[in-house]
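*Asks:*
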Amino acid sequence: MRVFGAIDLGASGGRVIAGLVDGGEVTLRTVHRFGNRVELRDGRLRWPYAELIAEMFAGLRELARRYPEVESIGIDTWGVDYGLLDDSGVLLADPVSYRDRRAAGVVDAVHDRVGGVARLYDVNGLQPMPFNTVYQLAADDRRNAARIVLLPDLLGYRLTGVLGTELTMASTTGLLDVRTRDWSSVVLEAIGVRPEMFPPLRQAGEVLGCLRPEVARATGLRPDVVVTTVGSHDTASAVAGIAVEAGPVVFVSSGTWSLVGLELPGPVVTEASRRAGVSNEIGVDGRTLFLRNLAGLWLLQQSLASWQHPDPQALLTAAGELPAGGPIIDVGSNELIPPGAMPERIDALVRATGRRPPDGPAGTVRCILDSLAATYAATTRELARLTGAQPRTIHIVGGGSRNDLLCRLTGQLSGLPVVAGPVEATALGNILVQARAHGAGASLGIESVHTSEAGWG
Ligand code: LRH
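Under our numbering, think of the first position of the sequence shown as 11, with each following residue one higher.
Written as C-alpha cells, this is what we have:
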C-alpha cells in the first residue's frame, strides 16, 4: 500500500486527507478538517492566510503521525485568487477574496482595453465572472509586487520554496490564451502585467520539490516527502476524481459553487457558447472543461448562517415535503456573490420574477434546491445543444452529492439518471494524479473508493 496526502482548501472549509492506494483500490481518510471564511480587513474581504497555513501544518502533523510512510503531498484550492510577493519572496498582504467587490468596477474598462467583451472571450474562452484574476489584477495595487502567485502555488511555495504556476489553476485567471494555453500578451498588456511576474507554468503530475527542511521538522514528515503538482484548481481535481463511465457524462461539481460541464478534447469558443456563459477551463491531462460557473451550496450556507438555525437537517426534511412548482431564481446572478443577508436577496430575486417570495426558512431552502436542480438540468440541455453531445448521465460530486433532495430534483427535472458521489471527488482526483505520477496507480479510472464521510450536504 502507498500513501499520498491531499490538501484540499475550499472557500467554506479545508481538509487534509490521506489517500491509501492499493492497486485499483483507494481509501480516503480525513485526518484534519477546518473552517474557512472571508474577513473584512484593511477595507477588503480577505482570506485568513496565517490561520489557513497554521491549519495546513496541523493537518500535515496529523498526517505524519498517522501515516509516517506518506511519500507525496498534492494541493488544490478554489480558482482565481492569488498573492503578491515582493522581490525577496515575501507575501505583501493576505490574499483578497474573490467575494470582495474590488474588481467589479474595472470590468468594463478591461473589456474596453482588449477591444470588447466578445474579443476577450475569443482570446481566453472564459465566462466573464467579475472576480476572474484578470479583473482582480487590474483593480489591485501592484506597485511593490515582483511575483503573482496563484493560491495553491502559494501553499506549494510555503512547503517547498519552489515557485510554479499550475496550468489548470492558470486557466481560471482569464489571462491564458484558450488556444495556445500560454499567457496572452493581448490580455496581459491590457492590464499592464509582465508575463515574467508569473512563475513558470507546470502540469499536473510534475514534482514541484522536496519539503523545506524547516517544514519537515515542524510537521514530522520525512524530509524526502515531495509536493507533487496536481490539478490544483479544485474543479479540475474533482473531474479527475469522477469514475470513468461510457458515454458523455455531465459533471456537476457541487460545493460552494456549482460547476456544471462536459469534458471535451478541446475548446469550443463560439458566439453561442459566449452568449450561454460557458467557460473553457483546463482539466487534468489537458482536457477542456466546458462548464458554467453557478452559485452552489453557498446559498444554503449563507441562509443558514443568517437564520442561525439549530437544526438544518429538519429544515431540509421540511423543504423536501413542500410541493413542487415553487419559485426559482437565477443562481448565476452576480448579486448572490458577496456574503451577507442571503434570504432577503433570494426574496428580491423571486419578486423580480413576479412571484411571491418563499414562505419561511423551509420555503427558502426548497427555492434554493429547486433553483439549483433546475439550473443543472437546463445547463445540461444547453451543453448538449452547444456541443452536439448527448449526455446519458449527470454525475454530481462534492458536498451537493450528499443532498438527496438536490440529486432527486435534478434527476426529475433533467430526465437523466443521476449518479451521486463521491463527496470527496476533489481529494480523490488530487490523490489519483499523485498516485499515477509516482507509479502507484496506472490510470485515473478507479475500481473502488472508500471514504469516511457522511452528513449534511
Ligand atoms: C470552485 C471554484 C470555481 C471558481 C471559484 C472562485 O471552488 O474554484 O471554479 O470560479 O471557485
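Quick reminder that beta carbons are idealized off the backbone N, C-alpha and C, glycines included.
Under the rule that 16 or more other beta-carbon atoms within 10 Å means buried, what is Asn134, buried or exposed?
*Replies:* The sequence position of residue 134 within the sequence shown is 124, counting from 1. Under this definition Asn134 is a buried residue.
*Asks:* Quick one: does the C-beta of Val360 sit closer than 7 Å to a heavy atom of the ligand LRH?
*Replies:* Translated into positions along the sequence shown, residue 360 becomes position 350. No; taking the cut-off as 7 Å, the Cβ of Val360 has no heavy atom of the ligand LRH nearer than that.
*Asks:* Among Arg43, Ala28, Gly45 and Ala384, whose alpha-carbon lies nearest the alpha-carbon of Thr37?
*Replies:* As a position in the sequence shown, residue 37 is number 27, starting the count at 1. Selected option, being the one with the closest Cα: Ala28.
*Asks:* What did DSSP end up calling Trp308 once you bin it into helix, strand or coil?
*Replies:* Residue mapping note: residue 308 aligns to position 298 of the sequence shown, counting from 1. Three-state result, Trp308: helix.
*Asks:* To the nearest angstrom, report how far apart Arg412 and Ser268 are at their CA atoms.
*Replies:* Taking the sequence shown and counting its residues from 1, the one referred to as residue 412 is at position 402. Taking the sequence shown and counting its residues from 1, the one referred to as residue 268 is at position 258. Looking at the two C-alpha atoms, the distance is approximately 14 Å.
*Asks:* Using 10 angstroms around the beta-carbon of Asp122, count the other beta-carbons present and answer buried if the total reaches 16, otherwise exposed.
*Replies:* Within the sequence shown, numbered from 1, the residue matching residue 122 stands at position 112. With fewer than 16 other Cβ atoms within 10 Å, it is exposed.
*Asks:* For Ser343, which residues in the same chain have their Cβ closer than 7 Å to its Cβ, ignoring the five residues on either side in sequence?
*Replies:* Within the sequence shown, residue 343 is the residue found at index 333, counting from 1. Hits under 7 Å: Leu359.
*Asks:* Kindly list the residues whose CB is nearer than 8 Å to the CB of Pro427, restricted to its own chain and excluding five residues on each side of it in sequence; keep chain order.
*Replies:* Residue 427 sits at position 417 when you count from the first residue of the sequence shown. Excluding positions up to five away in sequence, the list reads Arg402, Thr403, Ile404 and Gly421.
*Asks:* If you measure from the CB of Arg245, is any heavy atom of the ligand LRH nearer than 7 Å?
*Replies:* Stepping through the sequence shown from its first residue, residue 245 is reached at position 235. Note that residue 245 is Thr in the sequence shown here, rather than Arg. Yes.
*Asks:* For Gly439, count the other beta carbons within 10 Å of its own beta carbon; 16 or more makes it buried, fewer makes it exposed. Which is it?
*Replies:* Mapped onto the sequence shown, residue 439 falls at position 429. With 16 or more Cβ atoms within 10 Å of its Cβ, Gly439 is classed as buried.
*Asks:* Here's the rule: buried if 16 or more other CB atoms are within 10 angstroms of the residue's CB, otherwise exposed. What is Gly296?
*Replies:* Along the sequence shown, one-based indexing puts residue 296 at 286. Per the 10 Å Cβ criterion, exposed.
*Asks:* Does Gly33 come out as helix, strand or coil in the three-state DSSP assignment?
*Replies:* Working through the sequence shown from its first residue, we reach residue 33 at position 23. Of the three classes helix, strand and coil, the one that applies to Gly33 here is coil, per DSSP.
*Asks:* Once you ignore the five residues that flank Met11 on each side, which residues in its own chain have a CB closer than 6 Å to its CB?
*Replies:* On the sequence shown, position 1 is the one that residue 11 refers to. Only Leu30 and Asp32 meet the Cβ criterion.
*Asks:* Taking the beta strand (DSSP E) that His405 falls in, what are its first and last residues?
*Replies:* Mapped onto the sequence shown, residue 405 falls at position 395. Thr403 to Val407 is the span of the beta strand (DSSP E), which, as asked, contains His405.
*Asks:* Apply the 10 Å Cβ neighbour rule to Val13 and answer buried if 16 or more other Cβ atoms are within range, or exposed otherwise.
*Replies:* For the purposes of this step, residue 13 is taken as residue 3 along the sequence shown, with counting starting at 1. That one is buried.
*Asks:* For Ser98 and Leu221, what's the separation of their Cα atoms in angstroms?
*Replies:* As a position in the sequence shown, residue 98 is number 88, starting the count at 1. As a position in the sequence shown, residue 221 is number 211, starting the count at 1. If I take the Cα positions, the gap works out to 19 Å.
*Asks:* For the structure I just gave you, are there three or more beta carbon pairs, one from the stretch 74-87 and one from the stretch 129-143, closer than 8 Å?
*Replies:* The stretch 74-87 vs the stretch 129-143: no contact.
*Asks:* Quick one: give me the first and last residue of the beta strand (DSSP E) that Asn290 is part of.
*Replies:* Position 280 of the sequence shown, counted from the first residue, corresponds to residue 290. Note, Asn290: beta strand (DSSP E), Ser289 to Ile292.
*Asks:* Taking the alpha-carbon positions, what's the Gln213 to Leu94 distance?
*Replies:* Here residue 213 refers to the residue found at position 203 of the sequence shown. Here residue 94 refers to the residue found at position 84 of the sequence shown. Gln213 and Leu94: Cα-Cα distance of roughly 22 Å.
*Asks:* Using 7 Å as the cut-off, classify the Cβ of Trp317 as near or not near the heavy atoms of the ligand LRH, replying yes or no.
*Replies:* Against the sequence shown, residue 317 aligns to sequence position 307. Trp317 Cβ: outside cutoff for every heavy atom of the ligand LRH.
*Asks:* Once the 5 residues before and after Gln311 are set aside, which same chain residues still bring their CB inside 8 Å of it?
*Replies:* On the sequence shown, residue 311 is found 301 positions in, with the first residue counted as 1. Answer for Gln311: Ser22 and Thr266, listed in chain order.
*Asks:* Can you tell me which of the three DSSP states Ile17 falls into?
*Replies:* Indexing the sequence shown from 1 puts residue 17 at position 7. In this structure, Ile17 counts as strand in the three-state DSSP scheme.
*Asks:* Compute the minimum distance between the beta carbon of Gly89 and the heavy atoms of the ligand LRH, and state whether it is under 7 Å.
*Replies:* Position 79 of the sequence shown, counted from the start, is the residue given in the question as residue 89. Because some heavy atom of the ligand LRH lies under 7 Å away, the Cβ of Gly89 counts as near it: yes.
*Asks:* Name the DSSP bridge partner or partners of Val262?
*Replies:* For this step, residue 262 is matched to residue 252 along the sequence shown. In DSSP, Val262 forms a bridge with Val270 and Ile406.
*Asks:* At a cut of 8 Å, does the stretch 370-386 reach the stretch 334-353 through at least three beta carbon pairs?
*Replies:* Segments in contact, yes.
*Asks:* Note down, in chain order, each residue of its chain lying with its Cβ closer than 6 Å to the Cβ of Leu304, except the 5 sequence neighbours on either side.
*Replies:* In the sequence shown, residue 304 corresponds to position 294, counting from 1. Result list for Leu304: Ser268, Val341, Gly342 and Thr385, in chain order.
*Asks:* Just the Cα atoms here: how many angstroms apart are Leu177 and Ala113?
*Replies:* Translated into positions along the sequence shown, residue 177 becomes position 167. Translated into positions along the sequence shown, residue 113 becomes position 103. Spanning the two alpha carbons is a distance of roughly 23 Å.
*Asks:* Distance check for Pro320 and His448, CA to CA, integer angstroms please.
*Replies:* For the purposes of this step, residue 448 is taken as the residue at position 438 of the sequence shown. For the purposes of this step, residue 320 is taken as the residue at position 310 of the sequence shown. Roughly 46 Å between the two C-alpha positions.
*Asks:* Which runs of the alpha helix (DSSP H), 4 residues or longer, sit entirely within the stretch 153-228?
*Replies:* Segments of the alpha helix (DSSP H) lying fully in the stretch 153-228: 161-170, 177-180 and 195-201.
*Asks:* Is DSSP giving Asn488 helix, strand or coil here?
*Replies:* An answer regarding residue 488 cannot be provided, because it is not within the stretch 11 to 467 covered by the chain.
*Asks:* Near Leu346, what residues of its chain come up, given a Cβ to Cβ distance below 7 Å and the 5 sequence neighbours on each side ignored?
*Replies:* By 1-based counting over the sequence shown, the position of residue 346 is 336. Here the set comprises Ala305, Leu309 and Arg355.
*Asks:* Nearest to Thr239 by CA position, among Met207, Pro233 and Thr175, is which residue?
*Replies:* For this step, residue 239 is matched to residue 229 along the sequence shown. With distances taken between Cα atoms, Thr239 lies closest to Thr175.
*Asks:* Opposite Thr327 in the DSSP bridges: which residues?
*Replies:* Taking the first residue of the sequence shown as 1, we reach residue 327 at position 317. Paired residues: none, contrary to the question.
*Asks:* Run the proximity test for Gly265: is its beta-carbon closer than 7 Å to any non-hydrogen atom belonging to the ligand LRH?
*Replies:* Within the sequence shown, residue 265 is the residue found at index 255, counting from 1. Indeed, a heavy atom of the ligand LRH lies less than 7 Å from the Cβ.
*Asks:* On the DSSP bridge assignment, give the partners of His42 in chain order.
*Replies:* Here residue 42 refers to the residue found at position 32 of the sequence shown. DSSP lists Val26 as partners of His42.
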